[in-house]
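For reference, the structure discussed in these notes is given below.
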Ligand code: MG
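Residue numbers (this note's numbering): 710 to 1116.
Below, the structure written as structure tokens:
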């Protein structure tokens, strides 16, 4: 006899809020146009993506989560692009209702033909992008240990005051008080019945566990992280960015190499600079080995393959192409992914021509294309002491190392 299969887990993310108070017109214009100016908070830009993308990615990273229903507003124009970027077959969407409660109910209805009554449903706020794998695993552990529901929560550690007319009216005993976070997980049928019963009774609940309390189902409190903040004010974006950076590590390293043979011609192009020389470079494009190595290093740091994938030499459009166009496109990819160049260290390997007279022009050219000061780009040159194909003057090569940091 095999053990019963673990109960499946679905996720519902209510993301239909308008959040007008959060919107600030000037901030939202990300280079990748992820969010329109004045977009609600779930679509505010955060480290090269939007807030809700971070929240959903955290859920999709869990293989135990079988499907994710994102509940959006009926006039949402931004979601299709976000869904395309997330590109996960487990993603579905539903149209939200008048409030969070109604939206979660709609999300649960979307799962009607897919979820078994005792499957788990995990409800997570769209505006909690910093939820961690450890928190999700702690919830799953509580469920696997027999809980009828599990709610991520944080004990209240501050002294709590009740206010009346702007003055302190009383001190509330904080013993036994917790702040309810998300995710919150309950059985599919039980949660749906509880939310629909609350709605039918005209009771507005502010989280799922409140509806479950009405139904007499007591969830387990699972201690969550102090960093699992719900973005409510615009300045919370900066805090969330710091948390995500510190937890994942925001730096990316990349390296690249390229070589080309000399052929007929009267110049070579290196670092975007035309250098007179009795020979040319055999290449499909302009043969700028320095830019090709740099593009490969940047793409490598981004985890986006190599220059040959993005600009194949079988494409006639790239015949004789100015390699700076490749570099500018790679720079755009870098910004779209939410990164900027910290520094690049580049080495030209050639017996000739001499690089030193052109070093400053190359750094200025590359810096302009990458949108950074030229001081961030160091260009070195070496011969190979007449050894090998470079030493024999048959060709030249370049190496690049780059460091990127999240913006
Ligand atoms: Mg090349």
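Glycine included, each C-beta is placed from N, C-alpha and C at the ideal position.
Only a predicted model underlies this, so the values are computations on that prediction, with no experimental measurement involved.
Since residue i contacts residue j with CB under 8 Å, what's their CB separation in whole angstroms?
{"i": "residue 1015", "j": "residue 967", "result": "About 10 Å separates the two Cβ atoms, so there is no contact after all."}
{"i": "residue 1078", "j": "residue 1031", "result": "That belief does not hold up - the Cβ atoms of residue 1078 and residue 1031 are roughly 11 Å apart, past 8 Å."}
{"i": "residue 751", "j": "residue 811", "result": "Between residue 811 and residue 751 the Cβ distance is about 17 Å, and since that is not below 8 Å, they are no contact."}
{"i": "residue 894", "j": "residue 852", "result": "6 Å"}
{"i": "residue 759", "j": "residue 837", "result": "Not confirmed; about 13 Å, so no contact."}
{"i": "residue 1058", "j": "residue 1091", "result": "6 Å"}
{"i": "residue 823", "j": "residue 776", "result": "7 Å"}
{"i": "residue 850", "j": "residue 716", "result": "About 13 Å separates the two Cβ atoms, so there is no contact after all."}
{"i": "residue 1040", "j": "residue 1076", "result": "That belief does not hold up - the Cβ atoms of residue 1040 and residue 1076 are roughly 11 Å apart, past 8 Å."}
{"i": "residue 826", "j": "residue 898", "result": "4 Å"}
{"i": "residue 1085", "j": "residue 1060", "result": "Not really, about 28 Å apart at Cβ, beyond 8 Å."}
Do residue i and residue j have their C-beta atoms within less than 8 Å of each other?
{"i": "residue 863", "j": "residue 931", "result": "no"}
{"i": "residue 938", "j": "residue 839", "result": "yes"}
{"i": "residue 830", "j": "residue 756", "result": "no"}
{"i": "residue 790", "j": "residue 802", "result": "no"}
{"i": "residue 1109", "j": "residue 964", "result": "yes"}
{"i": "residue 981", "j": "residue 1056", "result": "no"}
{"i": "residue 780", "j": "residue 765", "result": "no"}
{"i": "residue 920", "j": "residue 928", "result": "no"}
{"i": "residue 794", "j": "residue 762", "result": "yes"}
{"i": "residue 1106", "j": "residue 1099", "result": "yes"}
{"i": "residue 933", "j": "residue 861", "result": "yes"}
{"i": "residue 912", "j": "residue 888", "result": "no"}
{"i": "residue 720", "j": "residue 805", "result": "no"}
{"i": "residue 1001", "j": "residue 1008", "result": "no"}
{"i": "residue 881", "j": "residue 873", "result": "no"}
{"i": "residue 904", "j": "residue 753", "result": "no"}
{"i": "residue 1088", "j": "residue 1068", "result": "yes"}
{"i": "residue 774", "j": "residue 718", "result": "yes"}
{"i": "residue 1083", "j": "residue 1072", "result": "yes"}
{"i": "residue 1003", "j": "residue 1034", "result": "no"}
{"i": "residue 886", "j": "residue 869", "result": "yes"}
{"i": "residue 991", "j": "residue 979", "result": "no"}
{"i": "residue 902", "j": "residue 884", "result": "no"}
{"i": "residue 857", "j": "residue 926", "result": "yes"}
Going along the chain, which residues of its own chain have a beta-carbon closer than 6 Å to the beta-carbon of residue i, five neighbours each way excluded?
{"i": "residue 985", "result": "976"}
{"i": "residue 952", "result": "839, 936"}
{"i": "residue 798", "result": "none"}
{"i": "residue 767", "result": "840"}
{"i": "residue 948", "result": "none"}
{"i": "residue 1054", "result": "1087, 1110"}
{"i": "residue 916", "result": "889"}
Just grab the DSSP bridge partners of residue i for me.
{"i": "residue 1088", "result": "1055"}
{"i": "residue 996", "result": "None, per the DSSP bridge assignment."}
{"i": "residue 779", "result": "722, 802"}
{"i": "residue 1117", "result": "The first residue shown for the chain is 710 and the last is 1116, placing residue 1117 beyond what the model contains."}
{"i": "residue 964", "result": "1110"}
{"i": "residue 1117", "result": "Residue 1117 lies beyond the residue range present for the chain, which begins at 710 and ends at 1116; the question has no answer from this structure."}
{"i": "residue 1105", "result": "969"}
{"i": "residue 704", "result": "This structure leaves residue 704 out entirely; the chain is present only between 710 and 1116."}
{"i": "residue 852", "result": "DSSP lists no partner for residue 852."}
{"i": "residue 983", "result": "978"}
{"i": "residue 861", "result": "931"}
{"i": "residue 990", "result": "971"}
{"i": "residue 1115", "result": "1048"}
Counting only the same chain and skipping the five closest in sequence on each side, list residues whose C-beta sits under 8 Å from that of residue i.
{"i": "residue 1103", "result": "970, 971"}
{"i": "residue 1026", "result": "none"}
{"i": "residue 973", "result": "988, 989"}
{"i": "residue 1011", "result": "961, 963, 1042, 1043, 1046, 1048, 1113"}
{"i": "residue 956", "result": "839, 841, 936"}
{"i": "residue 848", "result": "831, 859, 861, 892, 894, 931"}
Leaving out five residues before and five after residue i in sequence, what residues of the same chain have Cβ atoms less than 7 Å from its Cβ?
{"i": "residue 1112", "result": "960, 962, 1051, 1052"}
{"i": "residue 815", "result": "780, 803, 804, 805, 806"}
{"i": "residue 843", "result": "none"}
{"i": "residue 983", "result": "976"}
{"i": "residue 684", "result": "The structure shown does not extend to residue 684, since the chain is modelled only from 710 to 1116, so the question has no answer here."}
Those runs of the alpha helix (DSSP H) which lie wholly inside the segment 876–954 and span at least 4 residues: 897–909, 917–923
Alpha helix (DSSP H) runs wholly inside the segment 791–835, at least 4 long, in chain order: 809–819
Enumerate, from N- to C-terminal direction, the unbroken alpha helix (DSSP H) stretches of 4 or more residues contained entirely within the segment 995–1049. 998–1011, 1016–1019, 1032–1045
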